[in-house]
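In the numbering used here, the protein residues as written are 5 to 284.
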């Protein structure tokens, strides 16, 4: 069979099958990559500290790839705009959110400064940082949270929601960042508050089973392209074998010997009585 496979025609078809298999394999790889959705970026992409202006601009939404990014931002906290949150993870009964005005852009930025188990201490911590002095804040940048309407009715807040701060902050110039910063120990110590427990984001991997199924399909198609070539070659070889066998059987059933000469029949003797009528 492989003698048939080495013919130019079948070699050309083999190359075509390999090309198709490669295309199908590439499509399968693409579908496999699409089946894996990264819930959060790798820590390495967020652990390199950058200035806030390098990673975002005011009023720009925070994408998932930016969540937890280490940033540095300089500005001043506005007096009288301190907000106290309750019911949050990261430490303490109360967490302090300050209104920072970015020196570079003049836009407003919510900063979670630290925590305390007493509301009065949480408020005092925010007031302690407020003033005209410029501070450099280091921390992680996160997407804005949605307002908690249930706690709003009780004048208690648990979400870092810029959409709500625009209505509660006294000094606001209509420009707001789309996220907020959780400050590190340096800022919390300056406010005499506890440091928010904040860790590097972890990568969550989720499978899209539909795309995974498509990836398996493309792998099957890649194998089928090569298998189809093999079947074509085998069919051609079997067809030639059948034709050769039929020709041999036909030759055996009807032999022809050209060396055999025809045999003459013996002469028939003439009856003497008929040849000579007068004799007995």
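Ideal Cβ placement from N, Cα and C applies to all residues, glycine included.
Residue nearest to residue 138 within the set 244, 103 and 70 is 103 (criterion: CA-CA distance).
Residue burial annotation: residue 168 is buried, with at least 16 other C-beta atoms found within 10 angstroms of its C-beta. A residue is called buried once 16 or more other Cβ atoms fall within 10 Å of its Cβ, and residue 233 is buried on that count.
Shown here, residue 106 sits in a strand according to DSSP, grouped into three states. In this structure, residue 66 and residue 145 form a Cβ contact; the two beta carbons are roughly 7 Å apart against a cut-off of 8 Å. Per the Cβ contact rule, the segment 70-78 is not in contact with the segment 116-127 (fewer than 3 Cβ pairs under 8 Å). A direct Cα-to-Cα measurement between residue 56 and residue 18 gives close to 56 Å. Taking a 10 Å sphere around the C-beta of residue 197, we find 16 or more other C-beta atoms and assign the residue as buried.
In this structure, 200 is the residue among 23, 50 and 200 with its C-alpha nearest to the C-alpha of residue 188. Around the C-beta of residue 129, 16 or more other C-beta atoms lie within 10 Å, and the residue is accordingly described as buried.
Counting along the chain, the unbroken beta strand (DSSP E) around residue 118 starts and ends at 112-120. Runs of the beta strand (DSSP E) spanning 3 or more residues and lying entirely within the segment 184-222 occur at 209-211, in chain order. Two segments are said to touch when three or more pairs of C-beta atoms, one from each, lie closer than 8 Å; by this definition the segment 104-117 touches the segment 75-90. By the CB criterion at 8 Å, residue 143 and residue 88 fall outside the cutoff. According to the DSSP secondary-structure assignment, residue 15 is paired through a beta bridge with no residue.
Put simply, the backbone Cα of residue 141 is about 41 Å away from that of residue 36.
In terms of Cα proximity to residue 93, the closest of 110, 190, 176 and 163 is 163.
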